[in-house]
Each structure stands twice: as C-alpha cells, then as structure tokens.
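S.K.:
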Amino acid sequence: MRLPDKTCGLEEAIARIKDGATIMVGGFGVPGTPFALIRELVRQGQRGLTVIKNDANERGLGIDHLLAKGQVARLVTTHIGLNSRAVEMMNAGELEVEFNAQGILAERVRAGGAGLAAILTDIGLDTELANGKQRVEIGGRTALVETALRADVALIHADRSDVFGNLGYVATARNFNPLMAMAADLVIAEAEAVVPLGGLVPDAVQTPGPFVDHVVGLPALSEEYAVVRR
Amino acid sequence: MVARAAREIEPGMVVNLGIGLPTQVVDHLPGDFPVCLHTENGLTGIGPTLPPEAADRNLIDAGGAYVSTIPGSAFFDSAVSFALVRSGRLDLTMLGAFEVAQTGDLANWKIPGRFSPGAGGGIELAQKARRIVVLTSHTDRAGNPKLKAACSLPVTARGCVARVFTDMAVIDLGPGGFALRELAEGVGLAEVTQATGAPLACPEGEIPRF
C-alpha cells in the first residue's frame with residue numbers, strides 16, 4: 016500500500032476558493048501566517064469573504080492585503096490592535112468584526128474540528144462578549160454556549176509536510192494552525208519543506224495527513240516571513 | 002514600581018506577564034531565579050528578548066517581541082496554551098489596567114469610541130489565573146484616578162484583582178476595598194489618598210517604603 020500524493024500548485028489550490036467563502040487562516044502575528052497562500056488569494060481576488068484569524072496581522076502584511084482590497088466582509092478574531100487599517104475599517108462600518116476571547120476562539124475551532132456542536136464556558140460571562148449568547152445552568156453554575164466554528168477553507172502554514180499532508184510546525188508558528196487544519200471542508204497547507212513519504216517520523220507528525228487536502232510547497236520565502244524590524 | 006512588582010514572583014511559579022509594563026518585570030529577576038514564564042501564543046520557558054539580528058522569525062511572545070528559549074522550554078498550540086490558563090495552572094498574571102474598582106473589577110481592554118482592538122487573551126488571564134496583580138500608573142494622563150469605586154469602562158473580569166502596583170503605592174484589594182500596603186519613596190500619604198478615587202484604608206504605624 017502507498018499513501019496518495021496531495022501536492023498541488025499554488026494557483027490551482029487557491030482557485031478552489033469561491034466568493035463568499037468562510038476561511039480560517041493560521042498564524043499569530045508573523046509566525047505561522049500562510050503569506051504565500053494569502054498573496055495568491057489577493058491576486059485571484061475572491062470577494063465577500065469571512066475570515067477567521069487570531070489577529071489582522073500588521074498593516075502591509077498578510078491578511079491586511081485582503082482588507083486593503085476590500086475582499087473581506089467579516090472578520091472573526093481576538094485582537095486587531097496592531098493593524099490600524101482593520102481598526103479604521105471596523106470603526107467606519109466597512110468591516111464587520113466579531114471579537115472572541117483568544118482561548119475560546121481556539122476551542123470553538125477545535126470543537127468544529129472535532130465534530131462537536133458547541134462548548135460551554137464561563138469565560139467572558141461578566142463582559143459584553145456574552146451579549147446575545149445562550150446561557151445554560153450546568154452543575155449549579157452558569158455557562159455560555161459558544162458555538163463550534165467550521166470553515167469552507169483553512170489556509171495553513173507548516174514548517175514541513177510529506178506529500179500526503181502529514182504536517183509539522185515549528186516554535187510559536189504552531190498557534191492556531193493544527194486546530195484550523197481540522198476544522199474546514201477544504202484544507203490547503205503551505206510548507207517550507209515538502210518531503211517524500213517516510214520523510215517524517217510518525218511520532219513527529221502534528222497534523223495527520225487525512226485532515227489535509229492540498230500541499231503547496233514553498234520554493235522560497237517572501238520578505239513577509241522575515242523578522243519584522245520595527 | 003517594576004522592581005517592586007518583580008518581588009511578587011515566588012520561586013517555582015508559572016507566570017504570565019501582560020503586554021506593556023509587566024513585560025519589563027523580567028529584567029528585575031536574577032538570572033538563575035526558578036520561574037516558568039508563559040506566553041499565550043504557545044511557549045512556556047521564555048528566554049531573553051533578542052534584537053532583530055539575533056531573532057528567530059518563528060519565535061515571538063504574545064506582544065510580538067522576539068524572544069528565545071531556555072533549557073526546558075516547550076511549544077504548544079493555542080488550545081493547549083489556554084487550557085493551561087483556564088485549568089488553574091497559571092499561578093500569577095501581571096496585567097495593565099485602564100481602571101481598577103474597589104471590588105477588584107478590572108477594565109483593560111476597551112475605551113468605547115476610542116480604543117477597541119479586542120481583548121485577545123486578557124479575559125481568560127484575568128478570570129482564571131490564581132492570582133491577578135495589576136501594574137499601572139496611579140492616575141491617567143489627565144491626572145484622573147485609575148483606582149475607582151466602580152469601573153466606568155467595559156470590564157475584563159469582575160472581582161479578579163488582588164493587588165495593584167503603581168508609581169505611588171502598593172495597594173491590596175479585599176472585602177473592605179482598597180488597602181494601602183506600601184508607599185513609593187518620596188510619596189506622601191495625603192497625595193496617594195487624593196489620587197485614589199475610592200476610600201483607601203491605611204495601616205497603623207509607619208508605612209513601608211519601596
């Protein structure tokens with residue numbers, strides 16, 4: 016037996032994204048952001064997107080290009096303070112923003128990836144993030160129902176992948192990537208190194224290949240991946 | 002104030018230092034101090050901050066600073082990172098504040114109409130760390146008290162703050178509200194009382210200085 020090869024060209028993989036799609040994007044700041052996949056999505060120009068991402072990158076980086084081109088209608092996130100354009104667009108009503116507590120966004124994505132309907136939590140009960148959310152009594156305590164999140168597409172950045180899509184991450188570039196890689200109908204992973212089958216030790220695989228649909232190798236890394244000099 | 006706050010960290014603790022002033026606390030710890038620093042983007046065992054030329058592009062803290070690992074560091078995903086926070090494994094978090102109420106309520110994430118970038122991991126840190134202390138200037142830039150009877154801004158979490166370190170004083174929060182513990186060098190009792198927007202209980206006798 017032999018595991019199938021899922022390597023795919025950048026253009027072909029991103030062309031499967033439709034207007035109006037909901038897209039999860041990995042990354043926390045620069046580490047783990049799939050800049051090459053985002054750039055191709057900017058180039059192809061799909062519109063009316065809902066983007067689920069921890070942050071909005073910084074101005075001039077990553078999903079900021081999607082915002083600048085007006086491709087994003089809605090952003091589900093935790094913190095956008097490093098991107099002044101995102102804040103301005105939100106304040107001007109040009110971008111709908113839904114804020115989540117960071118670990119709750121992670122758990123909502125994880126729940127979506129695990130085939131669950133929702134999670135129950137007391138996080139944010141006393142805050143305006145609880146507005147409009149269903150409350151339940153559980154074990155004598157009040158909890159919020161935080162619905163699971165799934166997406167049409169997940170854009171993932173991995174350090175390494177084999178041709179079957181077994182993924183490995185590095186350092187703080189892991190963040191939301193392994194969670195989002197389980198939570199979308201179409202999972203596109205870019206990888207800094209693509210190795211043959213057997214090139215990854217099974218114990219070192221952090222996202223098992225069956226979750227991944229397309230593997231896009233990165234022959235070179237653009238400037239966006241580099242250390243940010245502020 | 003930052004040096005005084007550093008003494009709040011006890012050997013063996015797991016600690017998360019919030020963005021801003023709290024991050025500077027680490028500079029006041031001895032190099033061999035036994036402590037595990039956590040950053041919510043997926044690292045325990047934070048090592049020294051690095052200049053751009055020495056930085057690893059994949060290794061930052063939650064504030065975006067390039068950091069390093071030390072022997073025993075671990076990386077993990079965002080769900081694991083907050084499992085650590087919510088399950089009570091975080092002994093101490095030091096956070097910044099816009100306002101602290103005498104009931105221990107903390108507001109540090111939103112000024113409606115002016116500043117609303119989202120709370121990031123702040124709500125979980127404020128709600129679930131075993132001990133929450135705040136580092137902040139005693140008053141805002143206009144001179145208004147940040148320590149108040151009640152928060153006027155949207156809260157991050159209620160009844161969570163145990164202690165406040167300011168440029169003027171160390172103040173504990175308890176059932177009776179604000180209680181003065183220490184005064185900064187050169188700051189008078191009347192001065193700190195006036196700069197505090199709610200009753201401040203003072204200890205008998207001489208007040209320790211920091």
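Going down the list, the protein sequences come from chains A and B.
Taking the working numbering, the leading residue of the first sequence gets 16, the next gets one more, and so forth.
Taking the working numbering, the leading residue of the second sequence gets 2, the next gets one more, and so forth.
Glycine included, every Cβ here is placed at the ideal spot set by N, Cα and C.
(1) Does B/D62 come within less than 9 Å of chain A when only Cβ atoms are used?
(2) Return the residues of the region 104-133 of chain B that lie within a Cβ-Cβ distance of less than 7 Å from chain A, sorted by chain order.
(3) Give the DSSP bridge partners of B/P146, in chain order.
(4) For the region 153-171 of chain A, list every residue whose C-beta sits within 7 Å of some C-beta in chain B, in sequence order.
(5) Out of B/W110, B/N42, B/A108, which one is the CA nearest neighbour of B/S79?
(6) Can you tell me whether DSSP reads B/T167 as helix, strand or coil?
(7) For A/E113, which of A/D141, A/L131, A/N69 has the nearest alpha-carbon?
(8) Report the CB separation of A/A121 from A/L194 in whole angstroms; it is logged as a contact under 8 Å.
(9) Can you tell me whether B/N145 is buried or exposed, with buried defined as 16 or more other CB within 10 angstroms of its CB?
(10) Would you kindly check if the distance between the Cβ of A/D137 and the Cβ of B/Q128 is under 9 Å?
(11) Please list, in chain order, the residues of the region 157-178 of chain B that have any C-beta partner in chain A closer than 8 Å.
(12) Report the residue from A/M16, A/L25, A/R17 whose alpha carbon sits nearest the alpha carbon of A/I203.
(13) My guess is that A/N190 and A/P46 are in contact by the Cβ rule of under 8 Å, so how many angstroms apart are they, rounded?
(14) Which residue marks the beginning of the beta strand (DSSP E) containing B/S153, and which one marks its end?
(15) Looking at A/V227: is its Cβ nearer than 9 Å to the Cβ of A/A28?
(16) Just the Cα atoms here: how many angstroms apart are A/G75 and A/A173?
(17) Spell out the partners DSSP gives A/I134 in its beta bridges.
(18) At 9 Å on the CB atoms, spell out the chain A contacts of B/A80, in chain order.
(19) Quick one: is A/N69 near chain B, going by C-beta distance under 9 Å?
(20) At the level of alpha carbons, what is the spacing between B/P23 and B/V36?
(21) Buried or exposed: where does B/D62 fall if 16 or more other Cβ atoms within 10 Å of its Cβ makes it buried?
(22) Given a threshold of 16 other Cβ atoms within 10 Å of its Cβ, counted over all protein chains shown, does A/Q149 qualify as buried or as exposed?
(23) Please confirm whether A/L144 has its beta-carbon closer than 9 Å to some beta-carbon of chain B.
(24) List, in order along the chain, the chain B residues whose C-beta lies closer than 8 Å to that of A/G224?
(25) My output table needs one value for B/L126: the three-state DSSP class, helix, strand or coil.
(26) With a cut-off of 8 Å on the beta carbons, I'd call B/H139 and B/T167 a contact; round off their distance for me.
(27) To the nearest angstrom, how far is the alpha carbon of A/I134 from that of A/A88?
(28) Using only alpha-carbon positions, find the residue among B/Y67, B/V171, B/R8, B/E11 that is nearest to B/T137.
(29) Output yes or no for whether 9 Å exceeds the beta carbon distance between B/H39 and B/L85.
(30) Considering only the beta carbon of each residue, do A/T157 and A/L144 sit closer than 9 Å?
(31) Going along chain A, which residues have a C-beta under 7 Å from B/A56?
(32) On the criterion of 16 or more Cβ atoms from any shown chain inside 10 Å, does A/A36 qualify as buried, or is it exposed?
(33) Establish whether the CB of B/G89 and some CB of chain A are separated by less than 9 Å.
(34) Could you give the DSSP three-state label for B/T50: helix, strand or coil?
(35) Can you give me the C-alpha to C-alpha distance between A/G96 and B/P118, rounded to a whole angstrom?
(36) Counting Cβ pairs closer than 8 Å, one from the region 184-202 of chain B and one from the region 120-127 of chain B, do we hit at least three?
M.R.: Concretely, from the data shown:
(1) yes
(2) P118, G119, A120, G121, G122, I124, E125, Q128
(3) B/T140
(4) none
(5) B/N42
(6) coil
(7) A/N69
(8) 6 Å
(9) exposed
(10) yes
(11) T157, A158, R159
(12) A/L25
(13) 7 Å
(14) Element bounds for B/S153: n/a, residue is neither H nor E.
(15) no
(16) 22 Å
(17) A/E161
(18) G118, A121, E122, V124, R125, F191, P193, L194
(19) yes
(20) 15 Å
(21) buried
(22) exposed
(23) yes
(24) What A/G224 touches in chain B: nothing, since even the nearest Cβ is about 18 Å away.
(25) helix
(26) 4 Å
(27) 26 Å
(28) B/V171
(29) yes
(30) no
(31) V242
(32) buried
(33) no
(34) coil
(35) 5 Å
(36) no
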